[in-house]
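**Student:**
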Amino acid sequence: MKTNRFEIKQIGELNILEIYLYGDIEGDYYDWWTGKLIESTTSAKYIQNVIATAGRFDGINVYINSMGGSVYEGVAINNILKRSSVPVYVYIDAFAYSIASVIAMAGTKIFMPSNATMMIHNAIMGCYGNSAELRKAADDLDVINEASCNSYLAKSDKLSREELTAMLDAETFLTADKALEYGLIDEIIDPVNVEDSLEIVQKAMERKNPYAKKAFEQIKHIEPKQANEPPKPPEPEPVKEPEPKEPEQKAEPSPFDWFKENFKF
16 MKTNRFEIKQ IGELNILEIY LYGDIEGDYY DWWTGKLIES TTSAKYIQNV
66 IATAGRFDGI NVYINSMGGS VYEGVAINNI LKRSSVPVYV YIDAFAYSIA
116 SVIAMAGTKI FMPSNATMMI HNAIMGCYGN SAELRKAADD LDVINEASCN
166 SYLAKSDKLS REELTAMLDA ETFLTADKAL EYGLIDEIID PVNVEDSLEI
216 VQKAMERKNP YAKKAFEQIK HIEPKQANEP PKPPEPEPVK EPEPKEPEQK
266 AEPSPFDWFK ENFKF
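Letter by letter, the sequence shown follows residues 16 to 280 in our numbering.
Structure follows, in structure tokens:
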């Protein structure tokens with residue numbers, strides 16, 4: 016998995032800020048065991064700080080490989096990128112599921128490898144509280160769903176709101192061809208090595224991400240690399256047991272045999 020979260024790269028005469036959104040989209044959090052604040056490298060605050068302190072750049076490349084995460088952080092990242100005064104180019108390195116697909120919609124141009132997948136659905140959340148708090152949570156979800164829906168529609172001129180709503184309700188997984196057909200990406204590019212996404216999928220499965228299993232189906236055919244082993248000797252051929260012989264049948268004694276036995280010449 017990528018360890019560098021951002022860098023300035025010189026491409027020709029242009030300075031390009033490269034940002035990697037790999038893994039769950041999440042805000043800062045406290046470690047329960049140590050009480051230490053853990054800074055997230057996929058939070059809206061982090062992305063805002065990167066852009067504010069990067070110096071001069073002429074464009075932003077955003078590389079996404081995520082199965083989703085915090086809706087609030089994702090919507091905020093989408094807005095931060097859309098407010099940028101320079102072009103934003105989004106590359107879906109393998110997966111753009113859930114809120115990660117909303118972040119992708121901020122791209123001036125969106126590139127999707129031929130073997131990558133995108134998933135769109137309505138926002139979900141857990142809630143605990145009294146009836147008033149539960150009603151507020153439902154209202155908040157409606158607002159978030161509307162914001163997400165507008166992000167997709169702002170990118171696509173091929174989907175009506177009714178068609179998109181049906182796709183969100185159905186929790187739709189999209190291949191690169193389908194995403195291009197629906198106007199949610201701009202260009203299909205060469206396939207990526209999805210083996211690089213194994214760690215992301217494994218961590219998502221550990222966190223009980225409901226979409227990790229679907230992602231794993233895409234890369235389950237990849238077998239882990241194994242060290243060279245000495246060739247195994249050929250297995251011995253099975254020993255065939257001798258077939259049991261039938262007992263010899265003695266001929267019926269003849270009168271002449273009796274005669275020879277009782278009279279000696």
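C-beta atoms are modelled at their ideal positions from N, C-alpha and C, and glycine is treated no differently. Owing to the predicted nature of the structure, the values given are computational and were not obtained by experimental measurement.
Does the beta-carbon distance from Phe126 to Asp201 come in below 8 Å?
**Tutor:** Yes.
**Student:** Along the chain, where does the alpha helix (DSSP H) containing Lys60 start, and where does it finish?
**Tutor:** Unbroken alpha helix (DSSP H) run through Lys60: Ala59 to Thr68.
**Student:** With DSSP as the reference, label Ile40 as helix, strand or coil.
**Tutor:** In this structure, Ile40 counts as strand in the three-state DSSP scheme.
**Student:** Considering Asn165, what are the terminal residues of the alpha helix (DSSP H) in which it resides?
**Tutor:** Per DSSP, Asn165 belongs to the alpha helix (DSSP H) from Ser146 to Lys170.
**Student:** Report yes if the C-beta distance between Asp39 and Glu54 is below 8 Å; otherwise report no.
**Tutor:** No, the Cβ-Cβ distance between Asp39 and Glu54 is not below 8 Å.
**Student:** Checking 8 Å against the spacing of the C-beta atoms, do Ile118 and Gly89 come in under that value?
**Tutor:** Yes. Within cutoff.
**Student:** Give every residue of the same chain whose Cβ lies closer than 8 Å to the Cβ of Pro205, excluding the five residues on either side of it in the sequence, and list them in chain order.
**Tutor:** For clarity, residue 205 is Asp in the given sequence; the question names Pro instead. Within the same chain, Asp205 has close Cβ partners Pro128 and Ser129.
**Student:** Who does Ile125 pair with in a DSSP beta bridge?
**Tutor:** Answer is Val105.
**Student:** So, for Ala194: in the same chain, excluding its five sequence neighbours on each side, which residues have a beta-carbon less than 7 Å away from its beta-carbon?
**Tutor:** So the qualifying residues of the chain are Met127, Met133 and Ile200.
**Student:** Buried or exposed: where does Val158 fall if 16 or more other Cβ atoms within 10 Å of its Cβ makes it buried?
**Tutor:** With fewer than 16 Cβ atoms within 10 Å of its Cβ, Val158 is classed as exposed.
**Student:** Please classify Ser116: is it buried, with 16 or more other beta-carbons within 10 angstroms of its beta-carbon, or exposed?
**Tutor:** By the neighbour-count rule (16 or more Cβ atoms within 10 Å), Ser116 is buried.
**Student:** Which first and last residues belong to the alpha helix (DSSP H) in which Met182 is found?
**Tutor:** Arg176 to Asp184 is the span of the alpha helix (DSSP H), which, as asked, contains Met182.
**Student:** Considering just the uninterrupted stretch of the beta strand (DSSP E) at Gly74, what are its terminal residues?
**Tutor:** Segment Gly74 to Ser81, the beta strand (DSSP E) holding Gly74.
**Student:** Whose C-beta lies closer than 6 Å to the C-beta of Phe278 among residues of the same chain, with five residues either side of it excluded?
**Tutor:** With a pLDDT of 44 at Phe278, under the threshold of 50, the predicted position of this residue should be treated as unreliable, though the coordinate-derived value follows. Result list for Phe278: empty, nothing under 6 Å.
**Student:** Name the DSSP beta bridge partners of Glu22, please?
**Tutor:** According to DSSP, Glu22 bridges with Glu33.
**Student:** May I have the straight-line CA-CA distance separating Tyr35 from Phe72, to the nearest angstrom?
**Tutor:** About 16 Å.
**Student:** With DSSP as the reference, please indicate the residues paired to Met134 in a beta bridge.
**Tutor:** The partner list for Met134 (beta bridge, DSSP) reads Tyr112 and Phe188.
**Student:** Looking at the structure shown, is Gly89 part of a helix, part of a strand, or coil, going by DSSP?
**Tutor:** It is helical.
**Student:** With C-beta atoms as the reference, is Ala91 less than 8 Å away from Val103?
**Tutor:** Cβ atoms of Ala91 and Val103: not closer than 8 Å.
**Student:** Which residue or residues does DSSP assign as beta-bridge partners of Tyr45?
**Tutor:** Leu52, per the DSSP bridge assignment.
**Student:** With 16 as the cutoff for other CB atoms within 10 Å, does Ile26 come out buried or exposed?
**Tutor:** Answer is exposed; the Cβ neighbour count stays below 16.
**Student:** Look up Gly27 in the DSSP assignment and say whether it is helix, strand or coil.
**Tutor:** Gly27: coil per DSSP, three-state reduction.
**Student:** What does the alpha-carbon distance come out to for the pair Lys56 and Gly74?
**Tutor:** In the sequence under discussion, the amino acid at residue 56 is Thr, which differs from the Lys named in the question. Answer to the nearest angstrom: the Cα atoms are 20 Å apart.
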